[in-house]
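In what follows, a single structure is set out as structure tokens and then discussed.
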Amino acid sequence: MPRLTSKVLCLLAAVAVLMSCAGPTATRVVRRHSGVWQSQGYGHVLAVDGTRVRLFDVAGDVCVEQRDLDASFLPFFDRARLEGDGATMVLASALDSYEFRFARVPALPRACTPPTANTPRANFEAFAAFFAHHYAFFGLYDVDWPSRVAAARERVTEATDDAALFALLRELVLPLTDSHIKLEAEFAGTTHVHDGDEGPLERSLAADAARRGIEPRQAIAEFRRAYWFDGIGQALLAGRGTVAANQRIQYGMLPGEVGYLAVVSMGGFVDGDYDSLRAELPALDAVMEEAMALFAEKGAHSVIVDASLNIGGYDFIALALAGRFAVAPTLAYTRRAADDPQAREFAIHVEPAKGRRFLGQVYVMTSGETVSAGEILTLALRALPNGHHAGEPTRGAFSTVLEKRLPNGWLVGLSNERYTDPQGECWEGRGIPPQLPLPVFGPDGHDGHVAAIRALLVQIGKDAEIRSTLQ
38 MPRLTSKVLC
48 LLAAVAVLMS
58 CAGPTATRVV
68 RRHSGVWQSQ
78 GYGHVLAVDG
88 TRVRLFDVAG
98 DVCVEQRDLD
108 ASFLPFFDRA
118 RLEGDGATMV
128 LASALDSYEF
138 RFARVPALPR
148 ACTPPTANTP
158 RANFEAFAAF
168 FAHHYAFFGL
178 YDVDWPSRVA
188 AARERVTEAT
198 DDAALFALLR
208 ELVLPLTDSH
218 IKLEAEFAGT
228 THVHDGDEGP
238 LERSLAADAA
248 RRGIEPRQAI
258 AEFRRAYWFD
268 GIGQALLAGR
278 GTVAANQRIQ
288 YGMLPGEVGY
298 LAVVSMGGFV
308 DGDYDSLRAE
318 LPALDAVMEE
328 AMALFAEKGA
338 HSVIVDASLN
348 IGGYDFIALA
358 LAGRFAVAPT
368 LAYTRRAADD
378 PQAREFAIHV
388 EPAKGRRFLG
398 QVYVMTSGET
408 VSAGEILTLA
418 LRALPNGHHA
428 GEPTRGAFST
438 VLEKRLPNGW
448 LVGLSNERYT
458 DPQGECWEGR
468 GIPPQLPLPV
478 FGPDGHDGHV
488 AAIRALLVQI
498 GKDAEIRSTL
508 Q
């Protein structure tokens, strides 16, 4: 499935809004297997009768039907198969090796007949239940969820209006500073959004904007332009770089025969959006072919993959990009549904790309702004025998965003998966620490990025000298 950060979600109506033409494909492959199917983890129930597919979000006594299948997780899947005696259905995608398993059950859960009503109290209970049953990291943030819910429940009545309910739900999750938590609501003619953690740089820029008397959005836009065009385009690449993939990728050569590839998102390469799902990989491949050719032509001995401002996107894009530097299939990480004690660890590998590859040394640069699928790229490149990690620790938000809908239609996003690196370490909430620490943005610095790349170039030169003496 796509992994989209809170920032990426701001570009979409929903995390899994994919091509509308993908919806019929997903429902068609599911429709072949009539029955009621309950997911192993994730809290989904599918009711399939051969002509119609219905999708429900479930958590204990809560059940909410998702009315718009094209805005659900289903469009990502184009494969469905039965295992064993037909008691298990597996959904998969040609884009991703991870599989979702559904067990056949006799009937819809009792809570779904009928589904949960749309009342203030019922919406509160649905929100509380979705987190109680599916959120994986209360312990990490030292949050006593049952106690918080019990105290908040006393403040909800059937007269609670939308504004008060939104404020209360937001208050419930405030201690969970998780970038994959989201609450999005439409009321009073306005979209209201709560993000679990906007990141250290954005907080610093917002504070700077307040001091300057400007809007935070203006400060962020100014910073991104300076980072992309002034810092990378001019200071590092001296105006000789190439900007591609809807300005999401920039590449060129740095001094000392070092290739450079900056990637600010894992997707959005087509039409500047994330909804052209199956066109994203061809767009990436076209750019990577050209970048790899340039590095070969210029005799690069090392490449910097700069993910210091990567806001995430699709896992399959991160893995495909890492495959351009892979010598052989390599375990990148394991993934499991943490809301199901019986869920298996699913091993995810970096597979060598079929096109041009660079097999010299590759250095990934990260910061606290490297989040979600940007962190998947980091895990994948670190795992390679020729991979190195420099910069600042990543954000620490790995789980694919699990989306739920409240009875009133509000969107809820949360983390229900556990990712571990090849050494069995889970970096959720902490971020992946670099092997070569370098200040990139710092607690309040906005202009350390160019200096960090130049410092890395010095280290790469030293590493190259050491390798030459060992040959």
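Count along the sequence shown from 1, then add 37; that gives the number in my numbering.
Backbone N, C-alpha and C fix where the C-beta goes; we use that ideal spot for every residue, glycine too.
Worksheet item: In this structure, does DSSP put Gly360 in helix, strand or coil?
Response: Helix.
Worksheet item: For Ser404, which of Thr415, Ala144 and Phe395 has the nearest alpha-carbon?
Response: For the options Thr415, Ala144 and Phe395, the alpha carbon positioned closest to that of Ser404 is the one of Thr415.
Item to complete: List the DSSP bridge partners of Lys441.
Response: Bridge partners of Lys441: Val449.
Item to complete: Using three-state DSSP, classify Leu106 as helix, strand or coil.
Response: Leu106 falls in the helix class under three-state DSSP.
Worksheet entry | Option in Gly233, Leu507 and Pro378 with minimal Cα separation from Val408 | Among Gly233, Leu507 and Pro378, the Cα nearest to that of Val408 is on Gly233.
Worksheet item: How is Thr506 classed by DSSP in three states: helix, strand or coil?
Response: In the three-state reduction of the DSSP assignment, Thr506 falls in the helix class.
Discussion item. Relative to the C-alpha of Thr156, which candidate in Phe174, Leu177 and Val193 has its C-alpha closest?
Written reply: From the listed residues Phe174, Leu177 and Val193, the smallest Cα separation to Thr156 is found for Val193.
Worksheet item: According to the Cβ coordinates, are Arg285 and Val301 closer than 7 Å?
Response: Closer than 7 Å, so yes.
Worksheet item: Would you report the Cα separation of Val99 and Arg381, rounded to the nearest angstrom?
Response: Between Val99 and Arg381, the C-alpha separation is close to 26 Å.
Item to complete: Would you tell me roughly how many angstroms separate the C-alpha atoms of Ile497 and Leu346, rounded to the nearest one?
Response: Distance from the CA of Ile497 to the CA of Leu346, rounded to the nearest whole angstrom, comes to 21 Å.
Practice prompt. Alpha carbon to alpha carbon, how far is Asp107 from Val295? Give it in angstroms, no decimals.
Written response: One C-alpha to the other measures close to 44 Å.
Practice prompt. State yes or no: is the C-beta of Ser109 within less than 7 Å of the C-beta of Gly87?
Written response: No, these two residues do not count as a Cβ contact at 7 Å.
Fill in: Euclidean distance between Cα positions of Leu274 and Ala204
Approximately 46 Å between the Cα atoms of the pair.
Discussion item. I'd like the ranges of any alpha helix (DSSP H) spanning at least 4 consecutive residues and lying wholly in the region 226 to 306.
Written reply: With a minimum length of 4 residues, the continuous alpha helix (DSSP H) runs that stay inside the region 226 to 306 are 237 to 249 and 253 to 262.
Item to complete: With DSSP collapsed to three states, give me the class of Ile341.
Response: The answer is strand: DSSP assigns Ile341 an E or B state.
Worksheet item: For the beta strand (DSSP E) that Arg185 lies in, which residues bound it at each end?
Response: Counting along the chain, Arg185 sits inside no beta strand (DSSP E); it lies in the alpha helix (DSSP H) bounded by residues Trp182 to Arg190.
Worksheet item: Thinking C-beta only, is Phe93 closer than 7 Å to Val82?
Response: Contact: yes.
Worksheet entry | Same chain, Cβ closer than 7 Å to Asp179, five either side skipped, listed in chain order | Hits under 7 Å: none found.
Practice prompt. Taking Phe137 as the reference, give the member of Ala374, Arg65 and Ala417 with the closest Cα.
Written response: When only C-alpha atoms are compared, the closest one is Ala374.
Worksheet item: In terms of alpha-carbon separation, which member of Gln255, Asn445, Phe167 and Leu119 lies closest to Leu209?
Response: Answer by Cα proximity: Phe167.
Worksheet item: Start and end of the alpha helix (DSSP H) containing Asp322?
Response: Membership of Asp322 in the alpha helix (DSSP H) is indicated by the continuous run Leu314 to Glu334.
Discussion item. Can you tell me where the beta strand (DSSP E) holding Ile385 begins and where it ends?
Written reply: Segment Phe383 to Val387, the beta strand (DSSP E) holding Ile385.
Worksheet entry | Same chain only: Cβ atoms within 6 Å of Arg504, ignoring 5 sequence neighbours per side | The answer is none, since no qualifying residue turns up.
Item to complete: Would you mind working out which of Val101, Gly97 and Val90 sits nearest Arg442, comparing C-alpha positions?
Response: For the options Val101, Gly97 and Val90, the alpha carbon positioned closest to that of Arg442 is the one of Val101.
Worksheet item: Under the three-state reduction of DSSP, which class applies to Cys47: helix, strand or coil?
Response: Caution is warranted here: a pLDDT of 37 is assigned to Cys47, below 50, making its placement in the model unreliable, and the coordinate value is therefore given only provisionally. In the structure shown, Cys47 falls within a coil segment according to DSSP collapsed to helix, strand and coil.
Practice prompt. Report yes if the CB atom of Ala256 is closer than 7 Å to the CB atom of Ala246, and no otherwise.
Written response: In this structure, Ala246 lies closer than 7 Å to Ala256 by Cβ.
Item to complete: Reducing DSSP to helix, strand and coil, say where Val193 ends up.
Response: DSSP places Val193 in the coil class of the three-state scheme, outside both helix and strand.
Discussion item. Quick check on Glu208: does DSSP put it in helix, strand or coil?
Written reply: It is helical.
Fill in: Validate contact between the region 430 to 446 and the region 259 to 270 using beta carbons, cut 8 Å, 3 pairs
Contact fails: fewer than three Cβ-Cβ distances are below 8 Å.
Worksheet item: What residue does the alpha helix (DSSP H) around Glu454 start on, and which one ends it?
Response: Per DSSP, Glu454 belongs to no alpha helix (DSSP H); it is in the beta strand (DSSP E), Glu454 to Thr457.
Worksheet entry | Bridge partner(s) assigned by DSSP for Gln75 | When beta bridges are read from the DSSP output, Gln75 appears opposite Val82 and Ala140.
Worksheet item: DSSP state of Pro366, grouped into three classes?
Response: Of the three classes helix, strand and coil, the one that applies to Pro366 here is coil, per DSSP.
Worksheet item: Between the C-alpha atoms of Lys219 and Ala169, what's the straight-line distance to the nearest angstrom?
Response: Their backbone Cα atoms lie some 15 Å apart in a straight line.
Worksheet entry | Residue burial classification, Thr64 (beta-carbon count within 10 angstroms, cutoff 16) | Under the 10 Å beta carbon count, Thr64 is surrounded by 16 or more other beta carbons and is classified as buried.
Discussion item. By the DSSP assignment, the beta strand (DSSP E) with Glu223 in it spans what residues?
Written reply: DSSP places Glu223 in the uninterrupted beta strand (DSSP E) bounded by Lys219 to Phe224.
Fill in: Beta bridge counterpart(s) of Ala96 as assigned by DSSP
Ala96 is bridged to Val99.
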